[in-house]
Amino acid sequence: MVSESTPQVPRVIGRAGGTAGPVVITIAGIHGNEPAGVEALIRVHERIRTESIALTGELISLRGNRRALVQEERYLAHDLNRMWRLKRVSDLLDAWREFGTSARANSIAPNPEELEQVELFDEIAPYLSRRSVHLIDLHTASAASVPFGLIGDTLRNRPLASELPLPVLLGLEEHLEGSLLEAIGNFGHATLGVEGGQHRDPSAVDCIEAVVWVALSVSGLLGPRSSEWPAVVEQSRNFLAEVGRGYPRLVEVKHRHGIEPDDEFVMRPGFENFTRVVRGERLGGDRTGPVRSISDAHVLLPLYQGRGDDGFFLGRRVSGVREKLQRWARLLRIDRLVRLIPGVRRVPEGSLPGLVGAEILEVHHSDYFLRCELLPALGYRRARRRGEHWWLVRRPEWPTDAHEAR
Ligand SMILES: [Zn+2]
């Protein structure tokens, strides 16, 4: 191990509560230039201690990328939040089961983030087989923004989203290969990502802390009855409701504008998260010319500074009616009928190694309605190109025991 990469800060920010009941895992600083989440979690644990708040489950708070946090860099060699691909997580899990640590899954000359990943996974792995696990991943952004939540599109994640009085993005993680949230979501656990505001803005710490208190109440860690919850929960809800006033509540991600370094993509100035744009509006440009909006939409995560391969995303507001329809369609298993539609083929389970309990449907590239409207509404969001076809993956709605049995 290289001495200058030896971290100076502990992995565990705090542990509270007992070992029975629901589990909430909070992770801060998976990007090392985002210390606001760490600060917020320190405050949460401090309050639990000083106010003797009783938890009906366990709260574990972890630093994500310790080595990068020390150096205040987003990452040192690789983005730790893009390294949780199916194969890698499956290798980590196998190694952890066999040796009690996932270190064996490492290459001989690991880079700093591979070490971080192993250490972080070893903290999370003991909880993966538990029934009720919520994983909350805390971030900030380079640009000023209203704070917002991110959830993968499973029914399990919806209660967290609907109780959070902030805008919530649905299905962003399905567009990002290898995020930690996606990996944990693949185990059937509830996940919530949080973008708390701008990196060095003190209010980002306040917002993240408030989100954590709301999430602790929703996940059942503060007891079943709201009358028993500490006053900070209600204060946090009111604070966030004020911050998020005027923004759409639930926005589904419909389009990602991915970029390569030699695209020379430049975002046009003036866009913020959730800015409304119309079809054809110029959003930026690259060496081939103007880049325009493909539909009436909300702009999400416009790239103005820093490294990244996402130019921007476009999202569409999900109305209350549409949300209910999607929910009922899934509860009634309308998707069983979808498989009978000509052009939809069910891909045998196990076709994507490492993905347990997920369902995969295949549609032709040209079938836009099925691919971009109907199947995503039923939760089939994770798209992978297979020649002329797309595989659309729906993650398990509930934790599967397959990991245990495998
Ligand atoms: Zn981040």
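Numbering (our numbering), first residue to last: 975 to 1380.
Cβ coordinates follow ideal geometry from the N, Cα and C atoms, glycine included.
One thing to note: P1222 has its Cβ no nearer than 8 Å to the Cβ of F1245. Summarising the contact set, residues whose Cβ lies nearer than 6 Å to any heavy atom of ligand 1 are, in chain order, H1005, E1008 and H1113. Cβ neighbours of R985 within its own chain (closer than 8 Å, five residues either side excluded): L1036, R1037, R1040, E1093, L1094 and E1097.
Given a length threshold of 3 residues, each whole run of the beta strand (DSSP E) inside the stretch 1181-1266 is given here in chain order: 1224-1232, 1256-1260 and 1263-1266.
Spanning the alpha carbons of R1048 and I1308 requires a straight line of approximately 43 Å. Under a 10 Å Cβ-count criterion, Q1091 is classified as buried, with 16 or more other Cβ atoms of the shown protein chains found around its own Cβ. Closest by C-alpha distance to F1248, out of R1291, G1263 and A1189, is R1291. DSSP, read as helix, strand or coil, puts I1022 in helix. The alpha carbon of R1071 has as its nearest neighbour, out of V1107, R1017, L1089 and L1102, the alpha carbon of L1102. Taking Q1172 as the centre and dropping the five residues before and after it, the same chain places the C-beta of T1114, A1115, S1116, A1117, A1118, S1119 and A1178 closer than 8 Å to its C-beta, in chain order. Residue pairing by DSSP places R1358 opposite W1365 in a beta bridge. Residue environment: G1003 is assigned as buried (16 or more neighbouring CB atoms within 10 Å of its CB, all protein chains considered).
By the criterion of a C-beta distance shorter than 7 Å, E1238 is surrounded in its chain by D1260 and R1261, once the five residues flanking it on both sides are discounted.
Q982 is classed as exposed because its beta carbon has fewer than 16 other beta carbons within 10 Å across all chains shown. Relative to I1125, the option among K1061, E1147, T1075 and P1322 whose CA is nearest is E1147.
In the displayed model, Q1172 falls within a strand according to three-state DSSP. Judged by pairs of C-beta atoms under 8 Å, the stretch 1045-1063 touches the stretch 998-1015, as three or more such pairs exist. With a minimum length of 3 residues, the unbroken runs of beta strand (DSSP E) contained wholly in the stretch 1305-1346 fall at 1319-1321 and 1333-1338. With fewer than 16 other beta carbons inside 10 angstroms of its own, H1339 counts as exposed. By the CB criterion at 8 Å, P996 and L1195 fall inside the cutoff. Residues R1056, M1057, W1058 and R1059 of the same chain have their beta carbon placed closer than 6 Å to that of G1152, with the five preceding and five following residues left out of the count.
Beta bridge pairing from DSSP links F1286 with H1231. Under the criterion of beta carbons closer than 8 Å, G1285 and G1254 do not qualify as touching, at roughly 17 Å. Following the DSSP letters along the chain, one finds G1159 inside the alpha helix (DSSP H) bounded by residues L1154 to G1159.
Non-local beta-carbon contacts of S1076 in its own chain, meaning distances under 6 Å to residues more than five positions away in sequence, involve L1066, A1069, W1070, V1092, F1095 and D1096 in chain order. I1027 and A1351 have their C-alpha atoms some 40 Å from each other.
Taking S1210 as the centre and dropping the five residues before and after it, the same chain places the C-beta of A1184, W1187 and V1188 closer than 6 Å to its C-beta, in chain order. With respect to the C-alpha of V1318, the residue from H1231, H1229 and L1348 having the closest C-alpha is L1348. Non-local C-beta neighbours of H1231 in its own chain, meaning closer than 6 Å and more than five positions away in sequence, comprise G1285 and F1286, ordered along the chain. Following the DSSP letters along the chain, one finds D1096 inside the alpha helix (DSSP H) bounded by residues P1086 to I1098.
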